[in-house]
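Here's the structure we're looking at; comments come further down.
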Amino acid sequence: MSLKISLVGLLIFLSIAGYSQNSPSVLITYYSSSGSTKKMAEAIYEGAKSVEGVQVKLLPVSEVKSQDLMEATAVIVGSPVYNSNPAPQVLEFLNSWPFDGRPMKDKLGAAFATGGGISIGEEGVMLDILRTMLIHGMIVMGGEEVESAFGASAITGEGPFGKEKVDDLFLKKGAGLGKRVAQKALNWKLMTK
Ligand SMILES: Cc1cc2nc3c(=O)[nH]c(=O)nc-3n(C[C@H](O)[C@H](O)[C@H](O)COP(=O)(O)O)c2cc1C
C-alpha cells in the first residue's frame, strides 16, 4: 500500500517537474535602489501572470541564478537611469550571461527603465539592454503600443511625475509589456517544441 502511495507521489512529482521544464516561462529581473524600478517590475509581473499557461519569476538581478536564465523562454530586464546609462549592477549582470555555445540564443528579450527626467536617458538605457540581448542572439521586442515601442519606461521625478509613486500611466505600460512578452513566449514555446 505504502509503495503504491510513494509511486503515485513520484509520478506526480515527475509530471510537475516535466511540466515546469516544458512550459513557457518569463523571467523579470531588475535593479532598484529607491523602489521605482521595482514597482515597474511588479506591474510587468502582473501583466505576465495574466497569461494562462506561462510561469513567471520576478527577481532582483542579484538573486538570478544561471538556472533561472537557462530555463526562461523570455527575459525582461529593467534598470534605473544613472547618468544616461544602465545601473552598474545591471551591466554587471548582463555581462555575466554565459556566451559559449550561445545558450541565450532564440530566447525572447525585452527591457524597461525608470529615469528621473523626461528624455534624459530612459530610452538609451532600454536600447543598451536590448543591444546586449541581440549580441546573445535573442529576439528582442517592445510593448504592445507605440508609446512603449522600446520597452516600458517611467519618469519618476519631473513635472507631474513625482517621486512618491510611479504614475499609473507607466505602470499600465509595464503591465502591457509583461502581457505581450508572456503571450509571445507561449506561442514561441509551442512553435519551437
Ligand atoms: C547616480 C544617479 C544618476 C542618475 N542619473 C539620471 C539620468 O541621467 N537621467 C535620469 O533621467 N535620471 C537619473 N537618475 C534618477 C534615477 O534614474 C531615478 O530616480 C530612478 O527612477 C531610480 O530608480 P529606483 O527607484 O529603482 O532606484 C539618477 C539617479 C542617480 C542616483
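The letter at position 96 of the sequence shown is residue 96 when you use UniProt numbering, and the numbering goes up by one with no holes. All residues carry an ideal CB built from backbone N, CA and C; glycine is no exception. What you are looking at is a predicted structure, and each value in this text was computed from that prediction instead of being measured.
With a threshold of 6 Å (Cβ to nearest heavy atom), would I44 be considered close to ligand 1?
In the sequence shown, counting from the first residue as 1, residue 44 sits at position 44. Checking the Cβ of I44 against ligand 1 gives no.
**Message:** Less than 8 Å between C-beta atoms, sequence neighbours within five positions excluded: which residues of the same chain meet that for G176?
**Reply:** For the purposes of this step, residue 176 is taken as residue 176 along the sequence shown, with counting starting at 1. Contacts found: G47, G143, E144, E145, S148 and A152.
ask   = By the 10 Å Cβ neighbour count, where 16 or more other Cβ atoms means buried, how is T192 classified, buried or exposed?
value = Indexing the sequence shown from 1 puts residue 192 at position 192. By the neighbour-count rule (16 or more Cβ atoms within 10 Å), T192 is not buried but exposed.
**Message:** Please state the DSSP three-state secondary structure of V61.
**Reply:** Working through the sequence shown from its first residue, we reach residue 61 at position 61. Here V61 sits in helix by DSSP.
Decide if G115 is buried, meaning its Cβ has at least 16 other Cβ atoms within 10 Å, or exposed. If you number the sequence shown from 1, residue 115 lands on position 115. Result: buried.
*Counting along the chain, where does the beta strand (DSSP E) carrying S119 start and finish?*
Residue 119 sits at position 119 when you count from the first residue of the sequence shown. That residue, S119, is in no beta strand (DSSP E); it is neither H nor E in DSSP.
Review point. Looking at the structure shown, is G162 part of a helix, part of a strand, or coil, going by DSSP?
Key: In the sequence shown, counting from the first residue as 1, residue 162 sits at position 162. Three-state DSSP puts G162 in coil, outside helix and strand.
### Query
Shortest alpha-carbon distance to F99 belongs to which of M133, D167 and E63?
For the purposes of this step, residue 99 is taken as residue 99 along the sequence shown, with counting starting at 1. Of the candidates M133, D167 and E63, the one whose C-alpha sits nearest the C-alpha of F99 is M133.
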